[in-house]
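Residue numbers (our numbering), protein chains in the order written: chain W, -7 to 218; chain F, 601 to 1039.
Ideal Cβ positions, reconstructed from N, Cα and C, are used throughout, including at glycine.
Reading through the structure tokens given below for one structure.
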Amino acid sequence: MNVLIVEDEKSLATEIAEFLKTENFLCDLAFTGIEASEKIAINLYDFILLDLGLPDYDGLDLIREARKTNSEASFIIITARGAVEDKVRGLDLGADDYLAKPFALIELLSRINAVARRKFNIANTDVLLDDFNMEVQSRRLVCKGNEVDLTKKEYDLLQYLVLNRGKVLTRQQLYEHIWGNILDDQYDSNFIDVHIKNLRKKLNAHAPAPWLETVRGVGYRISSQE
Amino acid sequence: MRLKVKLSLFNLLSKLVFTVIFLLLMPFIIERINLSQVDNDLINKREQVITLISEIGIEPFITSDSSNAFGSYNILKEEFISLERITPGEELNYIDVTSRLIEGEEIDYRILNYSLEVDGQTYLLEVGKSLQSIVHTGRNIRQVMLVFLTFIIIITFIADFQYTRILLKPMDEIENKLKRISDPSFFDMSPVKTTTSDFVRLDSALRELMSHINLLFQKEKEITVNISHELLTPVSVLRSKLENILLRRDLDPEVEVKIEESLKTLHRLQSLINSLLLIARIESRQYLREDTFSLNELLMEIAAEINPVAEDAGVLIRKELNDDHQLRKFNRSLIYSMFYNIVNNAVKNTPPGGDVLIKSVRQQKGIIVVISDTGIGLTEGQKKNLFLRFKMRNEDSREGTGIGLAIAKTVADFHNLEVTVSSEPGRGTKFSFSFPEIS
């Protein structure tokens, strides 16, 4: 898939590109609004990551322009402004999602994937984890025919880890995904540990779940399939 | 004492003083006026008598041999005229007050004594007028004046008071305008209606000052917002770089841990900036207040959210949600944040085996939400600094930046909620939020 990254902070743009390339995206960079406007007019993109705080352009104008030229691109707004009105205006103009800086690259990826699934109507397939079967469509975890009774938070945690299978997710990344990019002092790594602990207890009551790994000092990971 | 009362009292007092002085002086004045009136009368009468004598001679009054005196008085003995022959001497012409015995009755008279010479004989003419009537008139006038002045004083006092009240009304309005607001940005900028230029000047000076303060506040808040934005971009760059490194599969576990620690520190910086940004945004009213929701449902949600962590820490969260209330025109996510911070804080500060109570109860003031714990409590010094940013950062380096309570207070102020804290060291802390009921 083709992604255009519109971001005036060059080192941030290159980091995002580096990350997305490892996830098999084709990335194009634009550091100014004019550059972006030209690239949007010429090329076809599936995704445009748009920083609203461009020095030479109101980022929201780019969405208007792109919509006029019938571009099929999905917009994901990334901004440090984060003001509520910006968010509402962006989404009103047809942006598909909105991420406040600083965000986790993994979170960006999962947002892109979510938009892609919606856009291309990709059905969520079930995920098999040893004896457990994650029925993504119905948000259920089943083990040998019995449903594992998970809270919403526990399910969300597990699903996020599954989506990023093979990658270590830090507590902070998990926290931000589940509780949102909470604006204040509420982040507490203990939260994640407690929920993982409860999750493990529930899983182990049905069957061993060695695939849910703790990476000491870093975070949690679901081991990749052999 | 209020200005209008002071002014009216001063007016009243000065009027009373003048009245008393006037009433004290009045007898003398009246006497003076009366006496000069009487004296004029007496002189007139004297002239009449002299004219009469020069026209008809002295004989009709005094015959040369039969008697040497003439006297006449009217029946009520108010006035008399007497004429008597006297031995010649010095000329007499004076007025004095003398008692006269007339028909067994002693009466004070004002008497004009005048010597005149007719046909070689010297006569003494006395014209007298009783002072009885003068005393009566004086007393009457005094009574009338007393009643009249009392009446005038009462009327003018009421009029003065009312007028001062109307006059000083703009003052009350200005005072109310100032009292009503908790923040200069709420100041009512419409001018106070008055024709008194002093108040117009005061009002416009105040308005000028307020808009100046507002401008400064606004600038300060804008600076905070701008700085926060500027800071978030480099944080974002660093974060992406570190996350990219962490995604490499060939990393030494030691490096991995170090990077995660760096990410954690970076996250602390990020949440600090975001917290300051949040406070600045609330204070510059960038948040809307247009949600309607149930207070108890919100509290249940928060309790459920924190419960797993509380359980893990051996702290029991108890709920006594007795009276529910629909909050109108509130910002739900801010109120959520506020209570979340308080409850989370309570759980963190309570040792295992303790409990945290979330209570909602209806009182006269409205609905009160009480969040109390059986935790370590606060010292007086801590209580004072409780809502100040960064002051509550504990020595044990728990996560969090010590800004959670400052956020809670900002949110409470934004919604005009009254927050009270009571605490005993070692016994626990109690936060109360009162929601006025307007329905």
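Simplified DSSP state of residue i, which is helix, strand or coil
| i | result |
| --- | --- |
| Asp996 (chain F) | Residue confidence for Asp996 (chain F) is low, a pLDDT of 43 falling below 50, so the modelled location carries little weight; the figure read from the coordinates is stated next. In this structure, Asp996 (chain F) counts as coil in the three-state DSSP scheme. |
| Glu830 (chain F) | helix |
| Thr6 (chain W) | helix |
| Leu175 (chain W) | No answer about Leu175 (chain W) holds up, because its pLDDT of 49 lies below 50 and its placement is not dependable. |
| Lys1041 (chain F) | There is no way to answer for residue 1041 (chain F), as the model of chain F reaches only from 601 to 1039. |
| Val140 (chain W) | coil |
| Asp760 (chain F) | helix |
| Lys793 (chain F) | coil |
| Ser215 (chain W) | coil |
| Glu1 (chain W) | coil |
| Tyr673 (chain F) | strand |
| Asp20 (chain W) | strand |
| Gly209 (chain W) | coil |
| Phe661 (chain F) | coil |
| Phe67 (chain W) | strand |
| Ile220 (chain W) | The question about residue 220 (chain W) has no answer, for chain W in this structure spans -7 to 218. |
| Gly82 (chain W) | helix |
| Asn(-6) (chain W) | strand |
| Leu204 (chain W) | strand |
Boundaries of the alpha helix (DSSP H) in which residue i is found, first to last residue
| i | result |
| --- | --- |
| Tyr147 (chain W) | Lys144 to Leu155 |
| Gly51 (chain W) | Gly51 to Lys60 |
| Tyr714 (chain F) | No alpha helix (DSSP H) holds Tyr714 (chain F); the beta strand (DSSP E) holding it covers Glu705 to Val718. |
| Phe1014 (chain F) | Gly1004 to Phe1014 |
| Val697 (chain F) | It is not in any alpha helix (DSSP H) - Val697 (chain F) instead sits in the beta strand (DSSP E) that spans Asn693 to Ile702. |
| Gln870 (chain F) | Pro853 to Glu883 |
| Tyr936 (chain F) | Arg932 to Lys948 |
| Gly981 (chain F) | Glu980 to Asn985 |
| Gly25 (chain W) | Gly25 to Ile34 |
| Val107 (chain W) | Leu97 to Lys111 |
| Ile40 (chain W) | Ile40 (chain W) -> not in any alpha helix (DSSP H); beta strand (DSSP E) instead, spanning Phe39 to Asp43. |
| Pro770 (chain F) | Lys769 to Arg780 |
Under 8 Å from the C-beta of residue i: neighbouring residues of chain W
| i | result |
| --- | --- |
| Asn844 (chain F) | Glu7, Glu10, Phe11 and Leu97 |
| Leu883 (chain F) | Per the sequence shown, the amino acid found at residue 883 (chain F) is Glu instead of Leu. Ordered by position in chain W, no residue passes the 8 Å Cβ test against Glu883 (chain F), which lies about 14 Å from the chain. |
| Ser836 (chain F) | Glu1, Leu4, Ala72, Lys93, Pro94 and Phe95 |
| Val909 (chain F) | Asp180, Asn182, Phe183 and Val186 |
Residue i, enclosing beta strand (DSSP E) - first and last residue
| i | result |
| --- | --- |
| Gln129 (chain W) | Where Gln129 (chain W) is concerned, there is no enclosing beta strand (DSSP E), given that its DSSP letter is neither H nor E. |
| Asp891 (chain F) | Asp891 to Ser894 |
| Tyr723 (chain F) | Gln721 to Ser730 |
| Arg917 (chain F) | A small fix is needed here, since residue 917 (chain F) is Ile in this sequence, not Arg. Per DSSP, Ile917 (chain F) belongs to the beta strand (DSSP E) from Leu916 to Leu921. |
| Thr974 (chain F) | Where Thr974 (chain F) is concerned, there is no enclosing beta strand (DSSP E), given that its DSSP letter is neither H nor E. |
| Glu684 (chain F) | Glu679 to Ile686 |
| Gln963 (chain F) | Asp955 to Gln963 |
| Phe1033 (chain F) | Gly1028 to Phe1035 |
| Val620 (chain F) | It is not in any beta strand (DSSP E) - Val620 (chain F) instead sits in the alpha helix (DSSP H) that spans Leu603 to Ile656. |
| Asp89 (chain W) | Asp89 to Ala92 |
| Leu121 (chain W) | Val119 to Leu121 |
| Glu1024 (chain F) | Glu1018 to Glu1024 |
Neighbouring residues, chain F, relative to residue i (Cβ below 9 Å)
| i | result |
| --- | --- |
| Val160 (chain W) | Leu846, Leu847, Glu856 and Glu860 |
| Thr14 (chain W) | Asn844 and Leu847 |
| Asn190 (chain W) | Pro908, Glu911 and Asp912 |
Cross-chain neighbours of residue i in chain F, by beta carbon under 7 Å
| i | result |
| --- | --- |
| Val210 (chain W) | Glu856, Val857 and Glu860 |
Neighbouring residues, chain F, relative to residue i (Cβ below 8 Å)
| i | result |
| --- | --- |
| Gln164 (chain W) | Leu863, Lys864 and His867 |
| Thr24 (chain W) | Near Thr24 (chain W) there are no residues of chain F at all, since even the closest Cβ is about 16 Å away, more than 8 Å. |
Closer than 7 Å at the beta carbon, the chain W residues around residue i
| i | result |
| --- | --- |
| Arg1052 (chain F) | As shown, chain F starts at 601 and ends at 1039. That puts residue 1052 (chain F) outside it, with no answer to give. |
| Gln818 (chain F) | Going along chain W, no residue has its Cβ under 7 Å from Gln818 (chain F), so there is no contact; the nearest lies around 15 Å. |
Cβ distance (whole Å) where residue i is taken to contact residue j below 8 Å
| i | j | result |
| --- | --- | --- |
| Ile1064 (chain F) | Phe893 (chain F) | Residue 1064 (chain F) is absent from the model: chain F starts at 601 and stops at 1039. |
| Tyr887 (chain F) | Asn931 (chain F) | 5 Å |
| Val154 (chain W) | Val119 (chain W) | 5 Å |
| Val(-5) (chain W) | Cys19 (chain W) | 5 Å |
Does the stretch 974 to 987 of chain F come into contact with the stretch 1022 to 1032 of chain F, if we say contact requires no fewer than three beta-carbon pairs (one atom in each stretch) closer than 8 Å?
Yes, the stretch 974 to 987 of chain F is in contact with the stretch 1022 to 1032 of chain F.
State whether the stretch 918 to 935 of chain F contacts the stretch 945 to 959 of chain F, with contact taken as three or more CB pairs (one from each stretch) at a distance under 8 Å.
In short, these stretches touch, since the Cβ pair count reaches three.
Evaluate contact between the stretch 708 to 715 of chain F and the stretch 682 to 694 of chain F, counting only Cβ atoms and requiring at least three cross-stretch pairs below 8 Å.
Touching, yes, given that three or more Cβ pairs across the two stretches are closer than 8 Å.
Check whether the stretch 873 to 892 of chain F and the stretch 145 to 162 of chain W touch, using three or more Cβ-Cβ pairs below 8 Å as the test.
With the cut-off at 8 Å, the stretch 873 to 892 of chain F and the stretch 145 to 162 of chain W do not touch.
Between the stretch 747 to 760 of chain F and the stretch 611 to 626 of chain F, can you find at least three pairs of beta-carbon atoms closer than 8 Å?
Using a Cβ-Cβ distance cut-off of 8 Å, the stretch 611 to 626 of chain F and the stretch 747 to 760 of chain F are in contact, since at least three pairs of beta carbons, one from each stretch, lie closer than that value.
Are the stretch 890 to 910 of chain F and the stretch 858 to 866 of chain F touching, with three or more C-beta to C-beta distances below 8 Å?
Segment contact: the stretch 890 to 910 of chain F against the stretch 858 to 866 of chain F, fewer than three CB-CB distances shorter than 8 Å; contact not assigned.
Below 8 Å, can you find three or more Cβ-Cβ pairs linking the stretch 632 to 649 of chain F to the stretch 723 to 730 of chain F?
With a cut-off of 8 Å, the stretch 723 to 730 of chain F and the stretch 632 to 649 of chain F count as touching, because enough Cβ pairs lie within range.
Could you say if the stretch 833 to 842 of chain F and the stretch 1 to 18 of chain W meet the contact criterion of at least three C-beta pairs nearer than 8 Å?
Touching, yes.
With a threshold of 8 Å, are at least 3 pairs of Cβ atoms found where one atom belongs to the stretch 96 to 113 of chain W and the other to the stretch 77 to 87 of chain W?
The stretch 96 to 113 of chain W, when compared against the stretch 77 to 87 of chain W, does not touch it at the 8 Å Cβ threshold.
Is it true that the stretch 29 to 39 of chain W meets the stretch 123 to 138 of chain W, where meeting means three or more beta-carbon pairs spaced less than 8 Å apart?
With a cut-off of 8 Å, the stretch 123 to 138 of chain W and the stretch 29 to 39 of chain W do not count as touching, because too few Cβ pairs lie within range.
Between the stretch 42 to 54 of chain W and the stretch 65 to 73 of chain W, can you find at least three pairs of beta-carbon atoms closer than 8 Å?
Pairwise C-beta distances place the stretch 65 to 73 of chain W in contact with the stretch 42 to 54 of chain W, as three or more of them are shorter than 8 Å.
Counting Cβ pairs, one atom from each stretch, are 3 or more of them under 8 Å apart for the stretch 932 to 947 of chain F and the stretch 1007 to 1024 of chain F?
Result yes; three or more Cβ-Cβ pairs closer than 8 Å.
Quick check: the stretch 730 to 737 of chain F against the stretch 696 to 708 of chain F, are at least 3 beta-carbon pairs closer than 8 Å?
Short answer: they touch.
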